[in-house]
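K.L.:
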Amino acid sequence: MAHRSEPARRRRPPLCAWPGRSWAAGTGAGGRVDLDGARVANLHRIYEQLRRDHPHVLIDACAGGGARTDLAMAARADIFWPSDNTGPLDRLAIQYGYLHANAPHLLSSWVTDSPGLSTRACGSVYRHGEQRYSGSHLTAVGLPAQWTAEHDAELVVLRRA
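When you line the sequence shown up against my numbering, it's residues 40 to 200, in that order.
1) For Ala-100, collect the residues of the same chain with a Cβ closer than 6 angstroms to its Cβ; drop the 5 residues on either side in sequence, then sort them by chain order.
2) Please report how far the alpha carbon of Pro-121 lies from the alpha carbon of Ala-114, in whole angstroms.
3) For the beta strand (DSSP E) containing Leu-97, name the first residue and the last one.
4) Determine the burial state of Ser-44: buried for a count of at least 16 other Cβ atoms within 10 Å of its Cβ, exposed for fewer.
5) So Leu-110 is in the alpha helix (DSSP H); what residue range does that whole segment cover?
6) Would you kindly work out how many angstroms separate the C-alpha atoms of Asp-109 and Ala-142, rounded to a whole number?
7) Taking just the CA atoms, how far does Leu-131 sit from Glu-38?
8) Going by DSSP, name the residue or residues bridged to Ile-118.
9) For Leu-146, list the residues DSSP reports as bridge partners.
10) Go ahead and label Gly-126 buried or exposed: buried means 16 or more other beta carbons lie within 10 angstroms of its beta carbon, across all protein chains shown.
11) With distances taken Cα to Cα, identify the nearest neighbour of Asp-123 among Leu-138, Ser-147, Gly-136 and His-139.
12) Using 10 angstroms around the beta-carbon of Arg-90, count the other beta-carbons present and answer buried if the total reaches 16, otherwise exposed.
13) Going by other Cβ atoms of all chains shown within 10 Å of its Cβ, with 16 needed for buried, is Ile-85 buried or exposed?
Following this line, the structure appears as structure tokens:
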């Protein structure tokens, strides 16, 4: 499947994200144990239908943690969200490993006001965003009512970069 052109991605199309965090447990009909294989095949069909019916929607295939990327899904989705961990230092390690196995245009990164697991410090929104530019898709997430004027100014700088 062909991905949309780069200019189409920059127009900020609607986003559809499907978290991959739930896994099948137990057995299926007739004692079948390969439930995950069937789930993935069905998920591929759903993504194909989404792409066919809604070509303007940016499709995010959540890796479900562990920076897992199903290469067959990479043919159907635009970006992958490799981990819920958004701490700056933690994220550097995640992106470093992810980009060794995957193309940069598949990496989705979020700038958040959440502390990281390793430092428990929030730090600068600009610094968070600056390091996340190794991917192709950057999203700012947080509690805007709690952001200072400095946070707002940093986001404006990121948006213009």
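Ideal placement from N, C-alpha and C gives every residue a C-beta, glycine not left out.
P.N.:
By the coordinates alone:
1) Met-112, Ala-116 and Phe-119.
2) Approximately 16 angstroms between the Cα atoms of the pair.
3) Unbroken beta strand (DSSP E) run through Leu-97: 97-101.
4) The predicted position of Ser-44 is uncertain, since its pLDDT is 44 and thus under 50; a value taken from the coordinates is nonetheless stated next. With a 10 Å radius around the Cβ and a threshold of 16 neighbouring Cβ atoms, Ser-44 comes out exposed.
5) Looking at the DSSP string, the run of the alpha helix (DSSP H) that includes Leu-110 is 110-113.
6) Their Cα atoms are separated by approximately 13 angstroms.
7) Since the displayed the chain opens at 40 and closes at 200, residue 38 lies outside it and no answer follows.
8) Bridge partners of Ile-118: Asp-99.
9) As DSSP reads the structure, Leu-146 sits in a beta bridge with Phe-119.
10) Gly-126 comes out buried.
11) Ranking Leu-138, Ser-147, Gly-136 and His-139 by Cα distance to Asp-123 puts Ser-147 first.
12) Answer is buried; the Cβ neighbour count reaches 16.
13) Classification for Ile-85: exposed.
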